[in-house]
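Below is one structure, written out as structure tokens; the observations come after it.
There are 2 protein chains.
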Amino acid sequence: MLQKEDIAAAFRSLQDDICRALEQMDGTSLFHEDAWEMATGGGGRTRIIQGEHIEKGGVNFSAVEGPASEALKKLLGESGDRFFATGVSIVLHPSSPLVPIIHMNVRYFEMSEKVWWFGGGIDLTPHYIDKDEAQNFHRQLKETCDRTDSDYYPRFKKWADDYFYLKHRQETRGVGGIFFDRLNTDRESKTKAELFEFVMNVGRTFVPAYRAVFESNVQRDWTDSEKQWQYYRRGRYVEFNLVWDRGTRFGLETGGRTESILMSLPAQARWQYDFQPEEGTPEAETQNLLRKGIEWIG
Amino acid sequence: MLQKEDIAAAFRSLQDDICRALEQMDGTSLFHEDAWEMATGGGGRTRIIQGEHIEKGGVNFSAVEGPASEALKKLLGESGDRFFATGVSIVLHPSSPLVPIIHMNVRYFEMSEKVWWFGGGIDLTPHYIDKDEAQNFHRQLKETCDRTDSDYYPRFKKWADDYFYLKHRQETRGVGGIFFDRLNTDRESKTKAELFEFVMNVGRTFVPAYRAVFESNVQRDWTDSEKQWQYYRRGRYVEFNLVWDRGTRFGLETGGRTESILMSLPAQARWQYDFQPEEGTPEAETQNLLRKGIEWIG
Chain H
134 MLQKEDIAAA FRSLQDDICR ALEQMDGTSL FHEDAWEMAT GGGGRTRIIQ GEHIEKGGVN
194 FSAVEGPASE ALKKLLGESG DRFFATGVSI VLHPSSPLVP IIHMNVRYFE MSEKVWWFGG
254 GIDLTPHYID KDEAQNFHRQ LKETCDRTDS DYYPRFKKWA DDYFYLKHRQ ETRGVGGIFF
314 DRLNTDRESK TKAELFEFVM NVGRTFVPAY RAVFESNVQR DWTDSEKQWQ YYRRGRYVEF
374 NLVWDRGTRF GLETGGRTES ILMSLPAQAR WQYDFQPEEG TPEAETQNLL RKGIEWIG
Chain C
134 MLQKEDIAAA FRSLQDDICR ALEQMDGTSL FHEDAWEMAT GGGGRTRIIQ GEHIEKGGVN
194 FSAVEGPASE ALKKLLGESG DRFFATGVSI VLHPSSPLVP IIHMNVRYFE MSEKVWWFGG
254 GIDLTPHYID KDEAQNFHRQ LKETCDRTDS DYYPRFKKWA DDYFYLKHRQ ETRGVGGIFF
314 DRLNTDRESK TKAELFEFVM NVGRTFVPAY RAVFESNVQR DWTDSEKQWQ YYRRGRYVEF
374 NLVWDRGTRF GLETGGRTES ILMSLPAQAR WQYDFQPEEG TPEAETQNLL RKGIEWIG
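Chains H and C are the protein sequences, given in the same order.
Numbers in this note's numbering are just positions in the first sequence, counted from 1, shifted up by 133.
Numbers in this note's numbering are just positions in the second sequence, counted from 1, shifted up by 133.
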């Protein structure tokens with residue numbers, strides 16, 4: 134039987150593999166690691182890169198445990214005395230406005246032998262949406278999903294549209310991707326090992342998926358006005374993470390490690406009252422594509 | 134008997150007076166106004182200034198009404214069929230890192246003849262805390278409070294410490310000020326007219342209180358490193374407003390006018406992983422003063 138320690142160990146290795154690949158992609162900087170402990174048990178390794186191409190990137194691993202608080206039990210609607218949670222979380226903010234922001238998360242949660250689940254997702258936030266690029270990104274995710282279940286991509290693609298959504302703007306965060314939560318043997322006709330394999334496949338899809346959008350854009354020149362638009366779009370990223378992202382909010386409200394949680398915020402962001410990109414510009418085209426339900430794969 | 138229309142009219146005039154004074158203080162720019170209507174009734178006037186000295190400032194007036202939603206009734210723990218709400222909200226982000234950010238709000242809420250209250254507050258967020266300046270600011274607020282009740286300043290000063298608090302950082306937003314909510318004749322030994330007079334006095338304190346910190350600093354030269362610190366401190370302002378500010382969150386979650394609500398965000402902000410100012414610097418000194426319970430008035 135798959136033990137929580139095995140899952141944590143696999144996630145830890147995944148963090149190592151991803152960091153190595155990203156250091157190679159950036160080519161100018163290495164990750165800085167902060168190892169930290171949680172008072173109630175376990176801890177994590179927060180890794181930050183500040184390179185020439187990846188302006189600010191965080192790849193966080195944690196495996197923590199402790200008594201299940203009333204707040205946690207209420208939030209989850211589950212009972213149990215203790216919890217265990219492990220996962221890898223990534224957000225990369227590139228220097229170039231022509232390279233998309235990317236996010237990936239895989240996680241496992243356990244409260245008792247019967248109460249456990251996997252969750253995770255990957256989503257892409259281009260500052261400038263390129264339809265072919267979005268299509269290619271979604272194709273990679275679909276292939277990963279299809280290896281486990283051909284229902285997964287359509288289900289989890291829709292879930293991402295609904296989750297990565299700025300309700301107050303009626304805008305999606307970017308071109309979406311996949312999102313899933315609370316996958317377990319009760320809800321899915323899968324064994325725990327199969328679900329774990331799926332989640333690890335999602336984790337392993339991160340590097341090739343990001344490499345594709347990174348390498349085709351990182352050498353392109355960009356203008357100051359494209360940079361300004363990037364700052365503006367990053368403002369939306371901040372709004373999503375601080376207002377709507379459940380993981381961020383739960384972490385901040387329950388005394389998680391603030392600097393690890395907020396590693397997802399960009400180095401700089403911009404707000405401008407009632408800004409509207411001029412019609413017919415690439416910025417306006419991107420704005421028009423920030424909506425739910427677009428089937429990127431033909 | 135004081136009618137809601139009278140209160141709204143007084144708040145509308147207050148907005149006019151404050152905008153005129155701020156245009157004069159900035160001296161380079163005028164407010165731009167967007168008038169808007171709410172589908173269920175009433176509307177507002179959002180006014181934005183983007184000047185040489187006030188980089189981004191918003192002075193919002195609104196008087197809205199409509200059916201009381203279940204969410205609203207649950208949030209307030211009150212019953213009633215319809216609600217009415219009017220108020221003036223201000224946030225100013227100055228260009229100079231040596232001039233503080235300021236916030237002011239006065240508001241009146243009504244759900245029935247018996248269910249109504251006033252709320253509001255003023256608080257100051259210097260990028261660099263100057264103790265004399267903070268003391269002078271608090272003295273002005275105390276004088277305003279004392280005109281109504283000598284208990285108000287200590288009560289509302291503590292309330293501000295607790296409200297303008299970034300729990301996830303264990304940091305206050307700035308040097309505080311006063312905050313109060315749900316003042317009515319049941320809870321205070323005051324008439325409605327007296328409470329209204331108090332709230333208007335708070336509103337009228339805004340201009341002299343801000344003028345004092347603005348005029349003594351606006352002509353001082355500042356360095357790029359001070360500017361960087363300003364961006365960093367603005368990041369905290371964004372965190373407070375999006376994560377903790379009840380008015381902002383309620384507005385965004387219930388379909389308020391997003392651009393009017395988020396006028397409080399700065400033009401630019403910065404995040405840096407695990408940044409700590411060097412000991413002994415003015416930045417570290419400011420950081421050390423971001424805590425509750427400081428009695429600025431000796």
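Virtual Cβ for every residue (Gly too), placed ideally from N, Cα, C.
C-beta neighbour in chain C for residue i, strict 8 Å
i, result
"H:Arg379", "no"
"H:Glu188", "no"
"H:Val224", "no"
"H:Val197", "no"
Contacts that residue i makes with chain H (C-beta to C-beta distance below 7 Å)
i, result
"C:His301", "Leu385 and Thr391"
For residue i: DSSP bridge partner residues
i, result
"C:Ala201", "The partner list for C:Ala201 (beta bridge, DSSP) is empty, contrary to what the question assumes."
"C:Tyr241", "C:Thr219 and C:Phe251"
"C:Ser195", "C:Gly177 and C:Gly220"
"H:Trp404", "Its beta-bridge partners do not exist; DSSP assigns none."
"H:Asp256", "H:His236 and H:Gly310"
"C:Arg304", "It should be noted that the sequence gives Glu, not Arg, for residue 304 of chain C. In DSSP, C:Glu304 forms a bridge with C:Leu299."
"H:Lys189", "H:His226"
"H:Trp169", "H:Gly177"
"H:Ile182", "H:Gly190"
"H:Leu316", "H:Phe251"
Beta carbon proximity, residue i to chain H, threshold 8 Å
i, result
"C:Asp357", "no"
"C:Arg403", "yes"
"C:Pro415", "no"
"C:Met432", "The structure shown does not extend to residue 432 of chain C, since chain C is modelled only from 134 to 431, so the question has no answer here."
"C:Leu231", "no"
"C:Glu371", "A small correction: the amino acid at residue 371 of chain C is Val; Glu does not occupy that position in the sequence shown. Yes, its Cβ sits closer than 8 Å to a Cβ of chain H."
Neighbour list for residue i in chain C, Cβ cutoff strictly below 9 Å
i, result
"H:Ile181", "Tyr406 and Asp407"
"H:Val376", "Leu375, Val376, Thr381, Arg382, Leu385 and Glu386"
Under 8 Å by beta carbon: chain C residues contacting residue i
i, result
"H:Tyr364", "Gln401"
Supposed close pair residue i, residue j - CB separation, criterion 8 Å
i, j, result
"C:Ile151", "C:Gly191", "Incorrect: roughly 11 Å between the Cβ atoms, too far for contact."
"C:Arg306", "C:Asp256", "7 Å"
"H:Phe251", "H:Phe289", "The Cβ separation is near 12 Å, so there is no contact."
"H:Met158", "H:Phe347", "6 Å"
"C:Ser195", "C:Gly220", "6 Å"
"H:Glu243", "H:Leu299", "32 Å between Cβ atoms; not a contact."
"H:Asn193", "H:Met396", "6 Å"
"H:Thr173", "H:Ser393", "Contact flag wrong, Cβ pair sits at about 16 Å."
"C:Arg272", "C:Ile430", "6 Å"
"H:Gly210", "H:Val197", "Actually they are not in contact, since the Cβ atoms of H:Gly210 and H:Val197 sit about 21 Å apart, beyond 8 Å."
"C:Leu375", "H:Leu375", "4 Å"
"H:Ile311", "H:Leu274", "5 Å"
Contacts of residue i in chain H (Cβ-Cβ under 9 Å)
i, result
"C:Asp167", "Tyr406 and Asp407"
Interface partners of residue i on chain C, CB under 7 Å
i, result
"H:Met396", "Tyr406"
Cross-chain neighbours of residue i in chain H, by beta carbon under 8 Å
i, result
"C:Glu411", "Within 8 Å Cβ-Cβ: nothing; C:Glu411 doesn't reach chain H, min ~18 Å."
Touching by the beta-carbon criterion (3+ pairs, under 8 Å), the segment 220-239 of chain C and the segment 168-188 of chain C: As far as the Cβ criterion goes, the segment 220-239 of chain C touches the segment 168-188 of chain C, which means the pair count is three or higher.
Meets three-Cβ-pair contact criterion under 8 Å: the segment 354-365 of chain C and the segment 388-406 of chain C: Segments in contact, yes.
Stretch-stretch touch, CB-based, cutoff 8 Å, three pairs: the segment 265-284 of chain C with the segment 242-251 of chain C: Not touching, per the Cβ criterion.
Inter-stretch contact (C-beta, 8 Å, three-pair minimum) for the segment 137-147 of chain H and the segment 160-167 of chain H: Result no; under three Cβ-Cβ pairs closer than 8 Å.
Cβ contact check for the segment 410-429 of chain H and the segment 205-223 of chain H: 3 or more pairs under 8 Å: Because the criterion of three Cβ pairs below 8 Å is not met, the segment 410-429 of chain H and the segment 205-223 of chain H do not touch.
Sufficient close CB pairs (3 or more, under 8 Å) joining the segment 266-282 of chain C to the segment 325-336 of chain C: Segments in contact, yes.
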